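Single-structure report; data block below.
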Ligand code: G4P
């Protein structure tokens, strides 16, 4: 029997981020293969089945063949218990993706070697930086013609503003991909795709000073190129510094090919050594150390409609400290009452496994009878504290919602409020108009479709969405000190309030934001609020 501390210390919880098609699913599938969670590569994916399997909760996903929600996979490898948080794979994404990152202790960024840094990577990366979580880079698809390696690293440094430290270095790419050079061991690990991705092929290790042997494997040209590049690299690249990695200032970089399964296990092994055990989390009473405290958790995601017949909701929580036992009583701090968590489960692909215990670092889903909100804290009945809220990200698209059939007012209000409570959308109202006019704000435009679809299917309400031109939103940070009616605005500015009554300003242009700040000394505006 291992102790609670040992169980926590062997946990590693990370999110995997990428632009669609960079190879996130393929890489995940290979991780699971090593973990023995699946027997044969391809059984998670095979695209149609996999995408389907991982999240067929929402009809809309099936119809569009994309993944809108994120899921959690747990697997064992080499004594580690790994929680992998998958983030939605569509370029148009929701706040869910952001929130998933809030539950992770580190992130793996997958980059397509022929494409470099792509828009979605950039967006997700910003959130990682904000949270200062360590980022590990896997440059994928080396079996295809890749961009110049130095240029790829340069792009990461410039576009994302993080220093890079290659742990290994590719030799050739595409048809002439020969393997990677391990900078620490100073040897070349040769590429083989003979196993066609079913497991890591038998690699040969050649020390760099065995020049003849090396030339035999990679050819004269690539050998010379490699030696030149190593010299350059040793002179120019940042030194590996674990502390900097853990502060999110330096990203270790690995190269490989997830499809042909080269470099994946090398990556996994290094990653598990470098990434962190479950981190302490900030609460109102200070940092909560995972191993030194009893059970506590926070809700980072609410998934509705897991079962349409029951209109049920699952609240996903990240355990931040201690051990969770299925039959124990916990306190829901925001709800102000004690409860037993109903049907605690671990969700893997479309399998739900009922859990009896779980530890800090783990993610559990519990049945939510409608009491939880995003950001809520759970702890032991005798304790009382709240975890720092999850930021509400600024929506970038806005629309006015109109009901087609005004007779269904009640269902409409109920539906839109519940969907907003889950955090799928944000709703805003004018100050004096009640619920007559509702403005919806979303991070990705796909959420508009999700809203329309869900109101129709779950609440039997048809709506029309009229796009509004706003692109910038600011919360009034010092709302208690400001007289709202006295704010001197610009012609494009609009005053609204959010679900909790907080005042906000909407703007069409970013310069108006500056203008309003100039015109109203003392006004403090924030780009995101907190749940
Ligand atoms: P995503 O989850 O990041 O969206 O990417 P996914 O793994 O689905 O991969 C996108 C496409 O890239 C897939 O091809 C996949 O087979 C391919 N791919 C992933 N890793 C590699 C790699 O290392 N090398 C090469 N050459 N290709 C890779 P597809 O044709 O869209 O799908 P499928 O028909 O293969 O399933």
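In our numbering, the protein residues as written are 444 to 974. All C-beta atoms in this analysis are idealised placements derived from N, C-alpha and C, irrespective of residue type, glycine included. In this text the structure is predicted, and so the values were computed from the model without any measurement.
Where the beta strand (DSSP E) through residue 519 begins and ends: 515-520
The segment 541-560 touching the segment 457-466, judged by at least three CB pairs closer than 8 Å: yes
Contiguous beta strand (DSSP E) assignments of at least 3 residues, all confined to the segment 570-632: 578-583, 606-609, 611-614 and 622-625
Inter-stretch contact (C-beta, 8 Å, three-pair minimum) for the segment 555-572 and the segment 586-600: yes
Local Cβ density within 10 Å of residue 888, reported as buried at 16 or more and exposed below that: exposed
Identified DSSP bridge partners for residue 884: 841 and 869
Option nearest residue 950 by Cα separation, candidates 886, 841 and 777: 841
Alpha carbon of residue 938 to alpha carbon of residue 834, nearest angstrom: 21 Å
Residue 463 Cβ short of 7 Å to the ligand G4P heavy atom set: yes
Check: residue 701 C-beta below 7 Å from any heavy atom of the ligand G4P: yes
Residue 694 vs residue 579 beta-carbon contact at 8 Å: yes
Range of the contiguous beta strand (DSSP E) that encloses residue 781: 780-783
Buried versus exposed, by CB contacts within 10 Å (16 or more), residue 652: exposed
Residues that residue 758 bridges to, as DSSP identifies them: 745 and 809
Sequence-distant residues of its chain with Cβ nearer than 8 Å to residue 945 (five each side left out): 918, 919, 922 and 972
Beta carbon proximity, residue 595 to chain C, threshold 8 Å: As a matter of chain content, chain C is missing from the structure shown, which is built from one protein chain.
Touching by the beta-carbon criterion (3+ pairs, under 8 Å), the segment 735-747 and the segment 822-838: yes
DSSP state of residue 482 mapped onto helix, strand, coil: Confidence in residue 482 is poor, its pLDDT being 43 and thus under 50, which makes the residue's placement unreliable; the coordinate value appears in the next sentence. The answer is coil: DSSP assigns residue 482 none of H, G, I, E or B.
Chain-order list of residues whose beta-carbon lies under 8 Å from that of residue 682 (same chain, five-residue window excluded): 608
Short Cβ contact (8 Å threshold) for residue 854 with residue 903: yes
Presumed contact (8 Å Cβ cut-off) between residue 868 and residue 894, rounded CB distance: 5 Å
Residue 511 versus residue 630 - alpha carbon distance: With a pLDDT of only 41 at residue 511, under the threshold of 50, the placement of this residue in the model should not be trusted, and no figure is reported.
Residue 658 CB to nearest heavy atom of the ligand G4P below 7 Å: no
Beta-carbon proximity of residue 941 to residue 947, cut-off 8 Å: yes
Beta-carbon proximity list for residue 696, same chain, < 7 Å, skipping 5 on both sides: 580, 582, 596, 607, 608, 609 and 610
Collapsed DSSP secondary structure at residue 824 in the structure displayed: coil
CB of residue 676 within 8 Å of CB of residue 621, strictly: no
8 Å contact criterion, which residue 624 and residue 836 should meet: CB distance rounded: That belief does not hold up - the Cβ atoms of residue 624 and residue 836 are roughly 40 Å apart, past 8 Å.
Beta-carbon spacing of residue 926, residue 744 below 8 Å: no
Whole-Å CB distance - residue 572 paired with residue 602, under 8 Å assumed: Not a contact, Cβ separation roughly 12 Å.
Backbone CA spacing between residue 898 and residue 905 [nearest angstrom]: 7 Å
Any non-hydrogen atom of the ligand G4P closer than 7 Å to residue 565 Cβ: no
Cα-Cα separation, residue 811 to residue 747: 9 Å
Alpha-carbon spacing of residue 461 relative to residue 584, whole angstroms: 13 Å
Neighbour-count burial assignment, residue 850, 16 or more Cβ in a 10 Å radius: exposed
Opening and closing residue of the beta strand (DSSP E) in which residue 526 lies: 523-529
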